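A.B. asks: Chains as they are written, first to last, in our numbering: chain A, 2 to 389; chain B, 6 to 407.
We treat Cβ as the ideally placed atom computed from N, Cα and C, and that holds for glycine.
What you are looking at is a predicted structure, and each value in this text was computed from that prediction instead of being measured.
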Ligand SMILES: Cc1cc2nc3c(=O)[nH]c(=O)nc-3n(C[C@H](O)[C@H](O)[C@H](O)COP(=O)(O)OP(=O)(O)OC[C@H]3O[C@@H](n4cnc5c(N)ncnc54)[C@H](O)[C@@H]3O)c2cc1C
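1) Determine whether the Cβ of residue 163 of chain B lies closer than 9 Å to any Cβ atom of chain A.
2) Need the endpoints of the alpha helix (DSSP H) that residue 220 of chain A sits in, please.
3) Within this structure, are the beta carbons of residue 234 of chain B and residue 78 of chain B separated by less than 9 Å?
4) By how many angstroms is the C-alpha of residue 252 of chain B removed from the C-alpha of residue 151 of chain B?
5) State the DSSP-derived secondary structure class of residue 181 of chain B, mapped to helix, strand or coil.
6) Out of B:191, B:239, B:51, which one is the CA nearest neighbour of residue 207 of chain B?
7) Please confirm if residue 386 of chain B has its CB atom under 9 Å from at least one CB of chain A.
8) Check distances from the C-beta atoms of the stretch 317 to 329 of chain A to those of chain B and list, in chain order, the residues that come in under 9 Å.
9) Straight-line CA distance for residue 1 of chain B to residue 342 of chain B?
10) Would you kindly report the start and end of the unbroken alpha helix (DSSP H) that includes residue 383 of chain A?
11) Since residue 231 of chain B is in the beta strand (DSSP E), which residue starts that stretch and which ends it?
12) Here's the rule I'm using: 16 or more other beta-carbon atoms within 10 Å means buried, otherwise exposed. How should residue 222 of chain A be labelled?
13) Scan the stretch 273 to 288 of chain B for residues whose Cβ lies nearer than 8 Å to a Cβ of chain A and list them as they occur along the chain.
14) Examine ligand 1 and report whether any of its heavy atoms sits within less than 8 Å of the Cβ of residue 75 of chain A.
15) Using alpha carbons as the reference points, say which of B:180, B:84, B:346, B:324 lies closest to residue 285 of chain B.
16) Is residue 10 of chain B close to chain A, meaning its C-beta is less than 9 Å from at least one C-beta of that chain?
17) Nearer than 8 Å: is that true of the beta carbon of residue 122 of chain A relative to any heavy atom of ligand 1?
18) Against chain B, with Cβ distances strictly below 9 Å, would residue 372 of chain A count as a contact?
19) Output the boundary residues of the beta strand (DSSP E) element that contains residue 197 of chain B.
20) According to DSSP, simplified to helix, strand and coil, what is residue 321 of chain A?
21) Does residue 124 of chain B come within less than 9 Å of chain A when only Cβ atoms are used?
22) Compare the C-beta of residue 254 of chain B against all C-beta atoms of chain A and say whether one is closer than 9 Å.
23) Residues in its own chain within less than 7 Å of residue 218 of chain B by CB, not counting five upstream and five downstream?
24) Count the other CB atoms within 10 Å of the CB of residue 279 of chain B; is the residue buried (16 or more) or exposed (fewer)?
25) I need the DSSP call for residue 4 of chain A, collapsed to helix, strand or coil.
26) Could you check the C-alpha separation between residue 296 of chain A and residue 15 of chain A for me, to the nearest Å?
27) Spatial neighbours of residue 337 of chain B within its chain, please: CB distance less than 7 Å, with the 5 preceding and 5 following residues excluded, ordered by chain position.
28) Hey, is residue 320 of chain B close to ligand 1, as in C-beta under 8 Å from one of its heavy atoms?
29) Between the beta-carbon of residue 106 of chain A and the beta-carbon of residue 248 of chain A, is there less than 9 Å?
30) In chain B, which residues lie less than 9 Å from residue 6 of chain A when you measure between Cβ atoms?
31) Unbroken alpha helix (DSSP H) runs of length 4 or more, entirely within the stretch 215 to 290 of chain B: which are they?
32) When Cβ atoms are compared, which residues of the stretch 341 to 357 of chain B fall closer than 8 Å to chain A?
33) Look at the alpha carbon of residue 146 of chain A and the alpha carbon of residue 219 of chain A, and state the distance between them as a whole number of angstroms.
34) Under the rule that 16 or more other beta-carbon atoms within 10 Å means buried, what is residue 340 of chain A, buried or exposed?
35) So, for residue 72 of chain B: in the same chain, excluding its five sequence neighbours on each side, which residues have a beta-carbon less than 7 Å away from its beta-carbon?
36) Give me the Cα-Cα distance between residue 380 of chain B and residue 290 of chain A, rounded to the nearest whole angstrom.
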């Protein structure tokens with residue numbers, strides 16, 4: 002066994018750090034306060050470096066970045082609090098298109114996404130279906146050479162800034178729910194599409210999107226008619242694990258350590274000298290190392306050509322649940338001061354802990370809830386039957 | 006980067022899995038409960054070269070720490086009643102001490118051991134009622150101060166498994182090593198008294214202190230021990246040995262956790278209530294799944310720690326302590342879920358899951374209170390209590406809240 006990162010990955014980490022020092026500004030991080038966790042200029046700068054195309058699996062025609070390097074990229078970006086919502090979506094969308102898409106999508110969409118010129122978003126969830134994503138009801142009906150789409154999607158995050166939505170639709174309501182699904186890449190400027198903002202308690206804004214007689218050609222179809230579930234599996238495979246944001250905790254731990262060093266309790270003792278505080282800080286650091294072990298393991302498997310499955314679920318489940326716990330601990334650690342939001346100039350470290358506390362719950366919900374991931378672990382890792 | 010076993014390690018894993026499966030079935034584990042040790046199992050282990058494998062290759066070994074972690078995990082899975090982890094770590098420790106004193110003889114390095122630490126030890130000897138008198142202790146010390154114990158001969162005995170070695174893990178105070186791991190059966194006990202690395206070669210008692218986890222624990226009197234290293238060299242050797250034990254014990258706990266879950270899964274698939282296997286209830290599944298994630302995360306961290314120590318990485322000791330803290334909790338949680346989902350039968354002596362439950366608690370506790378380990382990690386990562394870490398001086402007094 003050898004857990005050392007390959008020298009190329011260590012080199013690459015230095016490149017990412019240099020890149021962030023030169024390109025990531027406090028203003029970019031500030032700008033995400035409007036809820037859109039995306040910076041066009043940072044995104045394009047990463048595309049210019051070839052990191053978007055590099056992150057697409059080599060067997061699909063991308064490549065240049067090993068999965069371990071992609072893992073390092075995400076680790077560094079998260080460590081530096083860079084806004085990266087568009088990155089994962091771009092990588093996963095391009096992977097889906099390259100694995101399942103026809104010539105038109107490959108030519109019209111892929112280059113624009115990889116250059117950072119265009120953005121995509123995911124339209125899987127609906128008002129009535131989330132975890133049971135295969136129950137999607139948004140209809141796509143064939144009309145000559147065209148398709149007509151009617152329905153609505155919930156949680157179409159980034160739709161208000163994106164060019165395309167990767168849309169899961171039902172093309173055949175008369176077969177089993179997994180059989181009647183078909184994917185489309187839908188340009189968001191088509192007539193009949195409406196995007197309404199959805200505010201959240203956390204740091205990000207999402208959208209509800211509505212599709213009313215939206216017409217588009219068959220060249221926008223992604224994968225076979227009725228083959229949507231296979232495409233969905235590809236998407237989830239790339240999302241959980243590689244582009245999943247496996248390192249949410251380190252910036253919060255950093256803020257908590259800083260707070261504990263600077264602050265005394267009522268009895269005149271520095272918080273960092275107190276046993277209970279030290280205990281929680283160390284336990285959070287241990288969780289960070291466990292999460293890192295999971296993330297590197299998953300990446301190393303991918304690098305070796307093994308497509309991970311349940312490992313991705315474990316990585317995501319552990320990292321997000323630990324992150325929620327840490328945010329909750331550290332909010333407590335700050336006492337009443339922890340309540341100041343970033344809007345208050347007196348907030349410690351820009352209100353980072355408060356902000357993360359409101360952000361954390363969503364990480365255990367989107368991209369597969371913790372319960373769904375526990376189902377996956379129970380079934381594929383422990384061999385238990387489908388739960389009742 | 007290879008976060009999984011090498012081909013050799015796969016062979017080691019399956020060889021030890023098969024060995025413990027055949028030689029240490031659960032009946033053997035139960036039969037060994039009074040002492041926590043099965044001499045026959047130890048003999049077969051020695052016969053296959055297991056006793057000496059941790060030693061350097063010229064001494065008949067050659068397994069590195071990542072290999073030993075693979076073996077430790079199998080030992081944990083099977084609850085094998087042999088002190089292989091302690092013996093392996095002590096072998097590495099004594100081989101390092103021997104290499105150190107060889108360099109001294111060749112005039113290459115500062116002495117690993119100065120002369121004997123007569124006064125302290127003699128004092129504690131005279132204080133100990135049952136121990137030999139000070140005169141005897143002094144004469145022993147005088148006799149051995151010339152050459153120290155014959156480590157070369159000892160290492161040969163350890164390699165063959167003719168003698169079992171261990172380490173006290175916790176510091177020796179006043180010559181007493183309470184609840185020494187493997188103390189019931191080890192004829193070579195290494196300990197650290199704050200200044201010296203000492204070695205005691207007296208006969209083991211052969212019987213264990215009755216304990217929660219059926220471990221071969223014994224209170225050992227080390228007043229007759231001799232120093233094999235002292236000063237900074239001794240502290241370094243001791244710190245390394247502790248870290249190695251932590252990493253290997255973490256791997257054993259991860260194995261114990263994984264096996265507990267297999268036992269739990271098998272039971273919940275067989276046991277039916279309300280007309281269905283209880284394993285089809287989601288509450289049961291999620292408890293087991295949560296435990297599985299922690300067991301797997303712990304396994305990865307334990308292997309990573311063993312690798313970091315073996316590769317001499319600066320964060321090796323840190324990762325080893327972290328791995329032990331995490332794996333100890335993961336093992337306890339896994340055994341707890343497995344026991345819980347057995348219902349009443351899990352609490353009965355007849356079912357094996359209780360064996361895992363007790364050992365999950367007892368094995369890592371040999372190191373002492375987990376909070377102490379966490380406190381050590383805090384000192385390392387956050388700086389000692391009360392002393393601002395370097396660079397934070399300017400922040401002092403910059404109070405933000407009351
Ligand atoms: C901020 C935000 C951004 C998002 N962005 C996107 C996006 O860009 N694109 C997109 O398509 N979706 C997006 N989502 C949607 C997200 O993927 C869903 O919220 C998630 O899959 C859960 O679905 P749901 O909200 O309908 O909850 P439900 O599925 O209704 O679940 C409710 C509760 O029941 C539990 N539950 C459901 N099924 C099971 C089961 N079988 N076993 C045990 N427990 C179960 C769930 O875990 C949860 O606790 C986003 C969500 C949020 C909040």
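C.D. replies: On the basis of the coordinates in this document:
1) The sequence position of residue 163 of chain B within the second chain is 158, counting from 1. So, not an interface residue.
2) Along the first chain, read from residue 1 onward, the residue named residue 220 of chain A stands at position 219. Unbroken run through residue 220 of chain A: none, as it is neither H nor E.
3) Here residue 234 of chain B is taken as the residue at index 229 of the second chain, counted from 1. Here residue 78 of chain B is taken as the residue at index 73 of the second chain, counted from 1. No, they are not a contact pair.
4) Looking up residue 151 of chain B in the second chain gives position 146. Looking up residue 252 of chain B in the second chain gives position 247. The predicted model places residue 151 of chain B with a pLDDT of 43, which falls under 50 and marks its position as unreliable, so this point remains unresolved.
5) Residue numbering aside, residue 181 of chain B sits at position 176 when the second chain is read from its first letter. Note: residue 181 of chain B maps to strand in three-state DSSP.
6) On the second chain, position 202 is the one that residue 207 of chain B refers to. Selected option, being the one with the closest Cα: B:191.
7) Reading the second chain from its first residue, position 381 is the one you call residue 386 of chain B. By this cut-off, residue 386 of chain B is an interface position.
8) 318, 319, 322
9) The shown model of chain B, from 6 to 407, leaves out residue 1 of chain B, and the question about it has no answer.
10) Residue numbering aside, residue 383 of chain A sits at position 382 when the first chain is read from its first letter. Neither: residue 383 of chain A is in no alpha helix (DSSP H) and is coded neither H nor E.
11) Here residue 231 of chain B is taken as the residue at index 226 of the second chain, counted from 1. Unbroken beta strand (DSSP E) run through residue 231 of chain B: 231 to 235.
12) Here residue 222 of chain A refers to the residue found at position 221 when the first chain is read from its first residue. Buried is the call here.
13) 273, 274, 281, 282, 284, 285, 286, 287
14) If you number the first chain from 1, residue 75 of chain A lands on position 74. For ligand 1, not one heavy atom lies less than 8 Å from the Cβ of residue 75 of chain A.
15) In the second chain, the residue the question calls residue 285 of chain B occupies position 280. The shortest C-alpha separation from residue 285 of chain B is found at B:346.
16) Stepping through the second chain from its first residue, residue 10 of chain B is reached at position 5. So yes, residue 10 of chain B belongs to the interface.
17) Within the first chain, numbered from 1, the residue matching residue 122 of chain A stands at position 121. Within the cutoff, so yes.
18) Taking the first residue of the first chain as position 1, residue 372 of chain A is located at position 371. It does: the Cβ of residue 372 of chain A has a partner Cβ on chain B nearer than 9 Å.
19) On the second chain, residue 197 of chain B is found 192 positions in, with the first residue counted as 1. Segment 193 to 197, the beta strand (DSSP E) holding residue 197 of chain B.
20) Here the question's residue 321 of chain A lines up with position 320 in the first chain. Residue 321 of chain A falls in the helix class under three-state DSSP.
21) Position 119 of the second chain, counted from the start, is the residue given in the question as residue 124 of chain B. Note that residue 124 of chain B has pLDDT 33, beneath the 50 cutoff, so the model's placement of it is unreliable and no number is given.
22) In the second chain, the residue the question calls residue 254 of chain B occupies position 249. So, not an interface residue.
23) Indexing the second chain from 1 puts residue 218 of chain B at position 213. Around residue 218 of chain B: 363, 364, 366, 367, 368.
24) Locating residue 279 of chain B in the second chain gives position 274, where the first residue counts as 1. With fewer than 16 other Cβ atoms within 10 Å, it is exposed.
25) As a working mapping, residue 4 of chain A is identified with position 3 in the first chain. Reduced to three states, the DSSP call for residue 4 of chain A is coil.
26) For the purposes of this step, residue 296 of chain A is taken as the residue at position 295 of the first chain. For the purposes of this step, residue 15 of chain A is taken as the residue at position 14 of the first chain. If I take the Cα positions, the gap works out to 19 Å.
27) Here residue 337 of chain B refers to the residue found at position 332 when the second chain is read from its first residue. Excluding residues within five positions, the ones whose Cβ falls inside 7 Å are 365, 366.
28) By one-based count along the second chain, residue 320 of chain B stands at place 315. Checking the Cβ of residue 320 of chain B against ligand 1 gives no.
29) By 1-based counting over the first chain, the position of residue 106 of chain A is 105. By 1-based counting over the first chain, the position of residue 248 of chain A is 247. The answer is no: Cβ separation not under 9 Å.
30) Numbered from 1 along the first chain, position 5 holds the residue referred to as residue 6 of chain A. Simply 6.
31) 236 to 275
32) none
33) For this step, residue 146 of chain A is matched to residue 145 along the first chain. For this step, residue 219 of chain A is matched to residue 218 along the first chain. So the two alpha carbons sit approximately 6 Å from each other.
34) Counting from one through the first chain, the residue named residue 340 of chain A turns up at place 339. Exposed is the call here.
35) For the purposes of this step, residue 72 of chain B is taken as the residue at position 67 of the second chain. Only 14, 17 meet the Cβ criterion.
36) Here residue 380 of chain B is taken as the residue at index 375 of the second chain, counted from 1. Here residue 290 of chain A is taken as the residue at index 289 of the first chain, counted from 1. Their backbone Cα atoms lie some 17 Å apart in a straight line.
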